[in-house]
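Trainee:
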Amino acid sequence: MSKEFTFTVGIITVSDKGSKGERIDESGPAAEELLKPVGGVMKKYIIVPDEREEIMKAIIKMADDLKVDLVLTSGGTGFSPRDVTPEATLEVIEKHVPGIPEVMRAESLKVTPKAMLSRAAAGIRGRTLIINLPGSPKGVRECLGVIIPALKHGIETLRGEASECAEKH
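Under our numbering, the first residue of the sequence shown carries the number 45, and numbering increases by one thereafter.
(1) State yes or no: is the C-beta of V147 within less than 8 Å of the C-beta of I191?
(2) According to DSSP, what are the bridge partners of L173?
(3) Whether or not the region 95-103 and the region 158-168 are in contact is what I'm after, with contact meaning three or more pairs of Cβ atoms, one per stretch, closer than 8 Å; do they touch?
(4) S118 and I68 - do their beta-carbons sit closer together than 8 Å?
(5) If I follow the unbroken beta strand (DSSP E) through V58, where does it start and stop?
(6) Could you give the residue range of the alpha helix (DSSP H) that holds V190?
Now the structure itself:
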């Protein structure tokens, strides 16, 4: 992505311990660190507990009120009874974007068979792209690294700024 392209980002870390100050969040800062060189400008960063309503409220605030281009969630995508991030995300999006979690899982499978256990989701609300990432800094780097090359086009399209999508052969 070119340096002149910038986009706003909201990061929501979903963690019971993190929301109580019992654990330092390294996933949110890892995402910010990866996005900054490609034009990502942090607009809001929060930590919420693994509570469906709290996650939904945070996503809605970032998309509807702050109007960020990209919302990333980190955590809550596994099998634990408290892992409800995908359900909260699916409840507030208007359009599904299944290719993003599919490619994240496919890339992560090259590293660990546990990748197939991810329930991450992605979608669009208004003009905001919302993506669930794993809860570990390593997982965030792996998954975000594979989707960064497509973010510029996706965000420009949501903004109504994208030119021709078809590649000329």
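All C-beta atoms, glycine included, are put in the ideal place defined by N, C-alpha and C.
Mentor: According to the structure data:
(1) yes
(2) L114 and I168
(3) no
(4) no
(5) F51 to V58
(6) P181 to R203
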